[in-house]
Every structure is written in C-alpha cells, then in structure tokens.
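Participant:
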Amino acid sequence: MVTVNYVSPDGTSRQLTAEPNVSVMEAAVRNGLTGIVAECGGSLACATCHVYVDESWLLRTGRAEDCDDDLEDQMLEGTSEERRETSRLSCQLVLTEELDGLTVHLPESQI
Ligand code: FES
Numbered sequence: 379m380v381t382v383n384y385v386s387p388d389g390t391s392r393q394l395t396a397e398p399n400v401s402v403m404e405a406a407v408r409n410g411l412t413g414i415v416a417e418c419g420g421s422l423a424c425a426t427c428h429v430y431v432d433e434s435w436l437l438r439t440g441r442a443e444d445c446d447d448d449l450e451d452q453m454l455e456g457t458s459e460e461r462r463e464t465s466r467l468s469c470q471l472v473l474t475e476e477l478d479g480l481t482v483h484l485p486e487s488q489i
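My numbering runs 378 ahead of the 1-based position in the sequence shown.
(1) Give me, in chain order, the residues of the same chain whose beta-carbon lies closer than 6 Å to that of Met379; leave out the 5 immediate sequence neighbours on both sides.
(2) What is the C-beta distance between Thr426 and Arg466, in whole angstroms, given that I count them as a contact (C-beta under 8 Å)?
(3) For the ligand FES, I want to know if Glu417 counts as a neighbour, meaning its beta carbon is within less than 7 Å of at least one of the ligand's heavy atoms.
(4) Straight-line CA distance for Val482 to Asp388?
(5) Could you compute how far the alpha carbon of Cys424 sits from the alpha carbon of Ser401?
(6) For the ligand SAH, any of its heavy atoms closer than 7 Å to the Cβ of Ser421?
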C-alpha cells in the first residue's frame with residue numbers, strides 16, 4: 379500500500395492509503411475526500427483534480443511540463459486556482475512505492 383497526505387488550504391491534512399497504480403485522484407475520490415472534484419473521471423478533460431505537489435516531492439513526481447505528453451501541461455492553464463510550478467493534475471499522478479508518503483496540497487477550489 380502507498381500512503382498519500384492531502385493537505386487542505388486550512389492546513390488540516392488527511393492521510394489515505396491506496397494500492398500501487400491507483401492515481402492520487404482515484405485514491406481521494408474512492409475515500410470521499412472533498413477538495414478533488416474529478417468531473418471527467420480521470421480522462422484528462424476537466425482540470426478539476428488540480429493539486430500542488432509538496433516541493434519536497436517534486437523531483438520524484440516530476441513537473442507537468444516535463445511529461446512526455448503535453449496535454450496535462452495544457453490543461454493546467456484552465457484550473458480555477460492559480461497554476462504554480464508544483465501544479466499537477468492528480469489523475470495523472472499514479473502511485474508507486476517510490477511515492478509512498480507523498481504530500482499534495484489542495485487548492486481553495488476546483489471549479
Ligand atoms: S479528473 Fe479530469 S483532468 Fe483529472
């Protein structure tokens with residue numbers, strides 16, 4: 379199992395566990411976490427699964443602009459909250475053992 383920490387804008391955090399190969403978005407939605415909407419269900423068409431990767435994890439997750447496919451990078455231009463260097467779409471962050479303990483910060487809103 380892989381553990382992910384989701385930090386809300388008010389500083390409260392919730393820790394969830396998921397099987398490897400589940401996305402950060404899926405782990406959140408399956409556990410009823412508010413703060414990630416995921417309108418399109420993970421098909422990279424809504425940008426309502428926006429998260430800010432904790433800077434300490436950015437080398438392991440990579441940045442959106444470094445991904446082979448530039449669709450995520452383009453979709454991040456349409457998020458409701460400001461895009462930052464650490465912005466990722468959580469449906470594209472697939473959990474691996476290497477990401478055990480990952481911390482992501484939730485934006486104020488997704489829509
Ligand atoms: S869930 Fe729609 S882009 Fe991630």
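Even glycine gets a Cβ: it sits at the ideal position worked out from N, Cα and C.
Facilitator: From the atom records:
(1) As a working mapping, residue 379 is identified with position 1 in the sequence shown. Contacts found: Thr395.
(2) In the sequence shown, residue 426 corresponds to position 48, counting from 1. In the sequence shown, residue 466 corresponds to position 88, counting from 1. So it is not a contact: roughly 13 Å between Cβ atoms.
(3) The sequence position of residue 417 within the sequence shown is 39, counting from 1. Here the distance from the Cβ of Glu417 to the nearest heavy atom of the ligand FES is below 7 Å.
(4) In the sequence shown, the residue the question calls residue 482 occupies position 104. In the sequence shown, the residue the question calls residue 388 occupies position 10. Roughly 13 Å between the two C-alpha positions.
(5) Counting from 1 along the sequence shown, the entry for residue 424 is found at position 46. Counting from 1 along the sequence shown, the entry for residue 401 is found at position 23. Taking the Cα positions, Cys424 is about 16 Å away from Ser401.
(6) Ligands present in the displayed structure are limited to the ligand FES, and the ligand SAH is not among them.
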